[in-house]
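Just add 3 to wherever you are in the sequence shown, counting from 1, and you've got our numbering.
Using N, Cα and C, we set each Cβ at its ideal position, and we do this for glycine too.
Fair warning: this is a prediction, and the values are worked out from it, not measured in the lab.
Below: one structure, written as structure tokens.
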Amino acid sequence: MQRQTRTVLLGAFAAAALTALGAIGWVALTPSPAQTAEDRMPTPPQPPRLADGPEFERCLGLLRGDPEAARAFAESWSREGGGEGARQCQALALLALGEPALAAQRLETLATQSAATSQARAAVFAQATQAWLMAGEANRAYGAATLALTLSPEDVDLLVDRAVTLGSLSRYQEAIEDLDRALALDPNRAEALVFRAAANRHLDRVDLSARDIERALESDPASAEALLERGIIRQLRGDATGAREDWQRAIALSPNSPTADLAAQNLALNEAGPARR
């Protein structure tokens with residue numbers, strides 16, 4: 004299953020995901036919480052999904068621009084028998100409105116109780132995983148990700164999701180095992196290579212990290228996240244000039260993003276010199 008929207012892993016929610024896995028710099032950095040609802044919200048995949056029809060499409064449309072209106076619509080729709088689609092939209096509206104823990108609970112309950120296909124239920128567990136990460140509940144995110152993989156064990160996206168939760172728990176070797184499985188299924192998945200590079204770096208396996216980053220950039224030369232990580236590796240190897248070039252390019256490729264913010268922070272530290280780090 005390929006989820007169309009992976010902003011929770013790479014993109015606007017990348018700050019939290021990359022923070023979780025450590026692919027953010029050679030010092031610990033805290034991502035900015037300033038994100039739009041659309042940036043933060045893991046939207047339902049297509050296919051599979053729990054509901055179809057004009058009401059569901061209308062609710063998703065409202066989510067992108069007016070999550071409060073989406074919540075009101077979903078509540079009204081639910082009272083009129085909207086079923087699982089209304090419940091899912093309600094949960095996503097809560098997420099967009101800054102209540103990720105409550106949204107995660109509702110998504111997890113919905114996925115558990117749903118009569119939909121295994122793949123559709125796995126997708127909702129994946130949304131719960133992402134919501135738990137946004138709520139700072141990595142252990143619960145790991146549990147939801149594991150339930151998703153029970154339903155769809157060969158899903159590359161789900162394997163990457165769980166690797167992120169493992170990284171946020173500093174369980175880097177286990178994260179690598181999930182990423183190894185993901186890359187066995189999809190050898191050129193750039194995001195999986197970036198995350199595995201970060202996990203190996205945390206285990207002081209810098210040569211392995213560098214190898215994965217080069218593969219990631221071969222697969223996706225415009226990956227700002229891969230450039231961010233390669234800059235970190237270059238900095239660790241004493242190549243301050245190369246690190247600066249990578250971080251500057253990451254900013255140019257993905258301006259006004261958390262990835263760019265993190266690259267800029269590393270640039271500032273790089274310019275400050277060892278005494279200021």
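>> What does the Cβ neighbour count give for residue 176, buried or exposed, with the cut at 16 atoms within 10 Å?
In response: exposed
>> Taking the alpha carbon of residue 158 as the reference point, which residue from 126, 172 and 170 has its own alpha carbon closest?
In response: 126
>> When you compare the region 129-137 with the region 164-174, are there three or more beta-carbon pairs, one atom per stretch, that lie closer than 8 Å?
In response: yes
>> I need the boundaries of the alpha helix (DSSP H) containing residue 57, first residue and last residue.
In response: 57-68
> With burial defined as no fewer than 16 other Cβ atoms inside 10 Å of the residue's Cβ, what is the status of residue 228: buried or exposed?
Replying inline: buried
> If we ignore side chains and look at the alpha-carbon of each, how far apart do residue 240 and residue 183 end up?
Replying inline: 25 Å
>> In chain order, what are the residue ranges of uninterrupted alpha helix (DSSP H) at least 4 long that sit wholly in the region 77-145?
In response: 86-99, 103-116 and 121-137
>> Cutting at 7 Å between CB atoms, please list the residues of its own chain near residue 70, excluding the five before and the five after it.
In response: 40, 96, 99 and 100
> Is residue 244 near the ligand GDP, with its Cβ less than 8 Å from a heavy atom?
Replying inline: Looking at this structure, you won't find the ligand GDP or any other ligand, since it has none at all.
> Which residues in the same chain have their Cβ closer than 8 Å to the Cβ of residue 271, if we skip the five residues on either side of it in sequence?
Replying inline: none
>> So, at 7 Å on beta carbons, what are the nonlocal neighbours of residue 232 in its own chain, with the 5 sequence-adjacent residues on each side left out?
In response: 26, 197, 200, 201 and 216
>> Can you tell me whether residue 89 is buried or exposed? The criterion is at least 16 other CB atoms within 10 Å of its CB, across all chains shown.
In response: buried
>> Assuming residue 158 is part of the alpha helix (DSSP H), what are its boundary residues?
In response: Neither: residue 158 is in no alpha helix (DSSP H) and is coded neither H nor E.
> How would you write the range of the alpha helix (DSSP H) that residue 245 sits in, first residue to last?
Replying inline: 243-256
> Between the region 218-228 and the region 187-197, are three or more C-beta pairs nearer than 8 Å?
Replying inline: yes
> Are the CB atoms of residue 53 and residue 117 nearer to each other than 9 Å?
Replying inline: yes
> Should residue 68 be labelled buried (16 or more other beta-carbon atoms within 10 Å of its own) or exposed?
Replying inline: exposed
>> Once DSSP output is grouped into helix, strand and coil, what is the label at residue 172?
In response: coil
>> By alpha-carbon positions, which one of 148, 107 and 246 ends up nearest to residue 274?
In response: 246
> If we count the other Cβ atoms within 10 Å of its Cβ and call it buried at 16 or more, is residue 170 buried or exposed?
Replying inline: buried
> Skipping 5 residues on each side, what residues in its chain have a beta carbon closer than 6 Å to that of residue 119?
Replying inline: 53
> Can you tell which of 111, 77, 160 and 235 has the C-alpha that lies nearest to the C-alpha of residue 144?
Replying inline: 111
> The alpha helix (DSSP H) spanning residue 231 covers which residue range?
Replying inline: 227-239
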